[in-house]
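As structure tokens, the structure follows; a few thoughts come after it.
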Amino acid sequence: MSAPDHPGGAYVFRLYLAGGAPNSVRALANLYAICRKHFPESHRIEIVDVLKEPLRALAEAILVTPTVVKLSPAPEQQIIGNLSDEEEVLRALGLPQGERK
Amino acid sequence: MSDKSHEYGLEKISSGIDGFDDITAGGLPLRRTTLLMGGPGCGKTVLALQILVGSALRAGTPGIFVAFEENAQRVAGNAETFGWDMRELQKTRIHFIDARMSSDAVKTGAFDLTGLLAGLEAKATEMGAKVIVFDAIDVLLGLLDDPAAECHELYRLHDWLMRHELTGILTTKIEGDQPGTAQRYGFMPFMADCVVLLSQHVTDRVTVRAIRVLKYRGSAHVLNEVPFVIGPAGVEVGSSNGVHPEPQPFNERISTGIEQLDTMLSGGLYRGTNMLITGSSGTGKTTLAGAFIEAACRRGERALFISFDENAKDIVRDLGTVNLDLAPPLASGLLRMESVRTEASSSEEHFMRIKRIIAEHEPRCVVIDPLSALARVGGGLAARAAAERLIYLCRNAGITVLFTSLLEGSDPHLETTTMHVSTLSDSWLQLSYALEDGERNRTVSIIKSRGSKHSNQQRELIFDETGLTLGDPLVPEVSTTSAGEGGK
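As given, the protein sequences belong to chains A and B, one line each in that order.
Note that the first sequence covers residues 973 to 1073 in our numbering.
Note that the second sequence covers residues 984 to 1471 in our numbering.
Written out as structure tokens, the structure reads:
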């Protein structure tokens, strides 16, 4: 399910979702849309379905779904929710308005 | 934990805390949800953890502790201070989950608890957990920041617990002591099957803790608020359902330590009863108590002397001047002396501490000097309740108790206005001064003595280096003896 790998300066996300729950489906769609729009050449999304890997979510301290973790570039950043507010997501990713494509 | 079918009637899981089981008529509802509510620092976390640890230790029941507010390892560390071996327990039976949300997590859009519940489900299955604590559920719900979503997620959690037949213990903070004003979480008590409110307030600069069962679906429970303390072994709840087994009365008489006084009491005190000694300052209450304890030790009985605000060493020294030597029984361990600072704790904490000491030392005779010290802090009602429970505790254990009470005026009945302990006493001695030929002499008289004849004379109490004796009866004119109950 991952997008093509673009090493070097790539945006790497890990999205924890709960199977086909509405908020999870929405978060996945929103994350894809944001990635395609803002970093079309350099992103990777890893998906963890907590219903399939429940102990992993627990070990990685994921409390709510959906949760997306930006692994790279540093620093790591956690965003919870269905990512419905694009502006807020970009701000959380540390992308000032001027640098956006 | 029982494996019986739970479709018929409510099964319970013991909390492992006697007083708590008393007020909940047997403990928490099994495979249901209990909510512990209270302000910050009320002891919710300790109580929840203690119940979890207790059932793991006693019944080997595995459990999970989910910490939303505190560092889970720190919670486990704090538990060690209560003497629970968390390291061993964590290897096998108790799993801690640190569920604190990263403080810089950003929230955008709706989310739910599916992830956490899926994780917990897997963990619970893996370890066979039967009990789950969600500590500070309000912190988790606060993340949602939307009353409708909070309610929805709480019900999801509740359904999840029910579906997996888990016993859930949720703790939540409330502001103030009014559960009705638990503001945004007002829906919580409706969901839970058992709701317990913990509170604390400060009286005379001393913190008094109290616990009350607000509701218990399908079960009787004590409606009143009862005091509790967090002692060295965790939460101790003062029991309160008022049901005490009737102890077997003793026919044996034991000495007060003064021969003539024993005669006035038709042979001494009945074992397992109590005697109150009242008197104003300097009338010799502690000395009389010392004589009683010294006599007990001479009979080879284990004894306990609890003094408030006076050093044990000073008491031993002073008693030495009237030929009462407590040093040998102290050295041999037959006698234990405990000196307590009145203002250090509430009356409830004093009670719990004395109860612990009694359990440790197993005395047959106890002195509490003065019992009125209990009333100095924390309010008269609480003190009276603590004194009453102390007296019942001793009576049930067949312990003979002598307690003193300071009297501010000269009328012995004034004492009853402070703690009313005289009504609980089996025997009651009044010490006072009598003026005779320009001398101020100590006197003793018996106000009451249940179940036996007693002298109604007032007699001089003589302390000298040979010991304690009574003088001849004083002439009636100077008698201040009141006709108390039982006085014939």
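Here a beta-carbon is modelled for each residue, glycine too, at the ideal position from N, C-alpha and C.
On a predicted model such as this, the values are computed, not experimentally measured, just so you know.
Check                                                                                                                                  : Outcome
Own chain, CB closer than 6 Å to B:R1254, minus 5 neighbours either side, in chain order                                               : F1233, E1235, I1237, T1383
Contact set between A:P1045 and chain B, taken where Cβ atoms lie within less than 7 Å                                                 : None at all; the shortest Cβ gap to chain B is about 16 Å.
Cβ of B:V1116 within 7 Å of any chain A Cβ                                                                                             : no
Residue environment, B:V1185, which counts as buried when at least 16 other CB atoms sit within 10 Å                                   : exposed
Nearest to A:A982 (by Cα), restricted to the options A:N995, A:H1015, A:L1000                                                          : A:H1015
Pairwise C-alpha distance: B:L1309 and B:R1285                                                                                         : 12 Å
Residue-level contact to chain A via CB, B:S1086, 7 Å cutoff                                                                           : no
Chain B contact residues for A:Y983, given Cβ-Cβ distances below 9 Å                                                                   : Near A:Y983 there are no residues of chain B at all, since even the closest Cβ is about 16 Å away, more than 9 Å.
Integer-rounded CB distance, given that B:A1356 should sit under 8 Å from B:T1325                                                      : 5 Å
Residues that A:Y988 contacts on chain B, provided the C-beta gap is smaller than 9 Å                                                  : G1098
Sheet register partners of B:K995 (DSSP bridge)                                                                                        : B:P1012
Min CB distance A:G992 to chain B below 7 Å                                                                                            : no
Residue interval of the beta strand (DSSP E) (run including B:F1386)                                                                   : 1383 to 1389
Contact under 7 Å by Cβ, B:I1011 with B:I996                                                                                           : Note that residue 1011 of chain B is Leu in the sequence shown here, rather than Ile. A contact, by the Cβ cut-off of 7 Å.
Given B:R1195 as reference, the closest of B:P1346, B:G1002, B:N1379 once Cα atoms are compared                                        : B:G1002
Proximity below 7 Å, CB of B:V1092 to CB of A:G1066                                                                                    : Here the sequence assigns Gly to residue 1092 of chain B, which means Val is not the residue at that position. In this structure, A:G1066 does not lie closer than 7 Å to B:G1092 by Cβ.
Beta carbon proximity, A:V1061 to chain B, threshold 7 Å                                                                               : yes
Sub-7 Å separation of B:H1147 and B:A1008 beta-carbons                                                                                 : no
Stretch-stretch touch, CB-based, cutoff 8 Å, three pairs: the segment 1265 to 1274 of chain B with the segment 1303 to 1320 of chain B : yes
Identity of the residues DSSP links to B:W1411 by a beta bridge                                                                        : B:L1259, B:K1431
Neighbourhood of B:D1004 by C-beta, 8 Å cutoff - its chain only, sequence neighbours within 5 removed                                  : S997, S998, G1010
Beta carbon proximity, B:T1091 to chain A, threshold 7 Å                                                                               : yes
Near-chain A residues of the segment 1284 to 1316 of chain B (beta-carbon distance less than 9 Å), N- to C-terminal order              : none
Helix, strand or coil at B:M1084 [DSSP, three-state]                                                                                   : coil
From A:L989, A:A993, A:K1009, A:I1019, residue whose alpha carbon lies closest to that of A:V1061                                      : A:K1009
Nonlocal neighbours in the same chain, by C-beta distance under 7 Å from B:H1437, ignoring five residues either side                   : M1247, L1248, S1249, I1429
B:S1336 classed as buried or exposed, judged by whether at least 16 other C-beta atoms fall within 10 angstroms                        : For the sequence presented, residue 1336 of chain B should be read as Arg rather than Ser. Buried, because 16 or more other Cβ atoms sit within 10 Å of the Cβ of B:R1336.
Chain-ordered neighbours of A:V1022 on chain B, where CB pairs are closer than 8 Å                                                     : T1097, G1098, A1101, G1102
Start-to-end residues for the alpha helix (DSSP H) that takes in B:E1242                                                               : 1242 to 1247
Inter-stretch contact at 8 Å, needing at least 3 Cβ pairs: the segment 1021 to 1034 of chain B / the segment 1211 to 1221 of chain B   : yes
Residues near B:E1219 in its chain [Cβ-Cβ closer than 6 Å; skip 5 each side]                                                           : V1212, M1335
Residue interval of the alpha helix (DSSP H) (run including B:R1442)                                                                   : Note, B:R1442: premise wrong, no alpha helix (DSSP H); beta strand (DSSP E) at 1441 to 1447.
CB contact flag (A:A990, B:G1098, <7 Å)                                                                                                : yes
Cα-Cα separation between B:K1268 and B:T1387, rounded to whole angstroms                                                               : 6 Å
Classification of B:S1264 by the beta-carbon crowding that lies within 10 angstroms, buried from 16 upward                             : exposed
Alpha helix (DSSP H) segment containing B:L1030, residue limits                                                                        : 1027 to 1042
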